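Visitor:
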Amino acid sequence: KFSRKKISEKVASQLYKNAIQNAIQVTLSNNNYLKNEFLKKDLNDRILSFDSKIKLHKDGLIDVTETIIIANFDDNTGQFNNSIKRGITRDFPTKYFNKYGLETEVLFSINSVRKNEQLESFFIKDLSNGKRIYCGSSTDFLPVGIYKYELKYSTNNQLKFHNDRDEFYWNITGNGWEFSIDKSSCEIEFPIDSKLFDINCYTVYQNEKAHNCNSIITKNSNKIYFETNQKLLPNQGFTISVSTNKNIFTE
2 KFSRKKISEK VASQLYKNAI QNAIQVTLSN NNYLKNEFLK KDLNDRILSF
52 DSKIKLHKDG LIDVTETIII ANFDDNTGQF NNSIKRGITR DFPTKYFNKY
102 GLETEVLFSI NSVRKNEQLE SFFIKDLSNG KRIYCGSSTD FLPVGIYKYE
152 LKYSTNNQLK FHNDRDEFYW NITGNGWEFS IDKSSCEIEF PIDSKLFDIN
202 CYTVYQNEKA HNCNSIITKN SNKIYFETNQ KLLPNQGFTI SVSTNKNIFT
252 E
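Heads up, the sequence shown is in our numbering, so the first residue is 2 and it goes up one at a time.
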């Protein structure tokens with residue numbers, strides 16, 4: 002016997018969820034292949050989240066804090082990515098060609114490296130176009146687990162000065178990772194009185210421009226937030242660009 006009493010939206014939503022859950026359970030119980038696929042563990046070494054906070058100063062100095070959470074499974078079956086061994090490395094380009102075609106080098110200064118809130122040992126090696134930071138020991142392997150790395154560094158000369166605007170173009174994650182990145186975000190604080198416009202974000206491989214990302218200007222118009230909306234595959238990166246009014250930064 003059915004009741005004619007109208008049910009609330011909350012109850013209807015819960016009944017719908019229950020029906021979906023029951024349907025999934027029945028389907029999986031009757032199909033071993035689907036059950037195995039559904040319950041299969043993802044043992045790929047990867048970055049679970051890559052979150053960056055950036056503060057731009059009027060003199061052009063830029064302070065960056067990167068929080069990188071990784072999963073290291075150390076799977077040796079050959080079925081999954083097993084790239085993480087002793088920790089992570091982070092490449093940072095420091096050599097560029099300016100608008101006159103001359104090679105210039107920007108500041109790159111590491112302020113601290115932490116793992117799980119504790120100071121972590123690191124060393125830096127030169128690359129042809131910049132620096133590579135090795136986080137961890139060269140002799141000790143990283144045990145299986147989830148790890149949170151925090152890198153704080155400073156740089157400068159990263160702004161592009163145009164006639165009618167100044168532009169900040171930044172590769173948040175870099176494109177050199179041998180494993181995937183589940184999600185990435187970036188919060189950027191410009192100097193007070195900055196008016197932000199011509200806002201763009203890009204994902205996928207270097208020199209390609211897919212837009213699997215979003216941007217949000219916060220209540221304070223000098224701050225902006227970016228995030229990806231799908232996983233980044235190995236060697237894919239997350240890049241943004243923001244323009245602001247002139248006379249904010251010192252050229």
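Positions of the beta carbon are idealized from the N, C-alpha and C atoms, including for glycine.
This structure is a prediction, so every number in the text was calculated from the model and none was measured.
Which partner residues does W171 have in the DSSP bridge list?
Guide: Answer is I241, bridged to W171.
Visitor: Under the three-state reduction of DSSP, which class applies to Y135: helix, strand or coil?
Guide: Looking at Y135 - three-state DSSP - the assignment turns out to be strand.
Visitor: Determine the direct distance from the alpha carbon of T66 to that of Q119, and round the result to whole angstroms.
Guide: Whole-angstrom Cα-Cα distance: 15 Å.
Visitor: Are the CB atoms of R91 and S181 within a distance shorter than 7 Å?
Guide: The answer is no: Cβ separation not under 7 Å.
Visitor: Classify K18: buried if its beta carbon has 16 or more other beta carbons within 10 angstroms, exposed otherwise.
Guide: The residue in question, K18, is exposed, as its Cβ has fewer than 16 Cβ neighbours within 10 Å.
Visitor: To the nearest angstrom, how far is it from the Cα of Y97 to the Cα of N130?
Guide: The straight-line gap from Cα to Cα measures roughly 8 Å.
Visitor: Do you know how far the Cα of I217 is from the Cα of R166?
Guide: Distance between the alpha carbons of R166 and I217 is about 20 Å.
Visitor: Are the Cβ atoms of T95 and V114 separated by less than 7 Å?
Guide: Going by C-beta atoms, T95 is not nearer than 7 Å to V114.
Visitor: Kindly indicate the opening and closing residues of the beta strand (DSSP E) around T204.
Guide: No beta strand (DSSP E) contains T204, which DSSP labels as neither H nor E.
Visitor: Looking at C-beta atoms only, is the number of pairs between the segment 53 to 72 and the segment 184 to 194 that lie closer than 8 Å three or more?
Guide: In short, these stretches touch, since the Cβ pair count reaches three.
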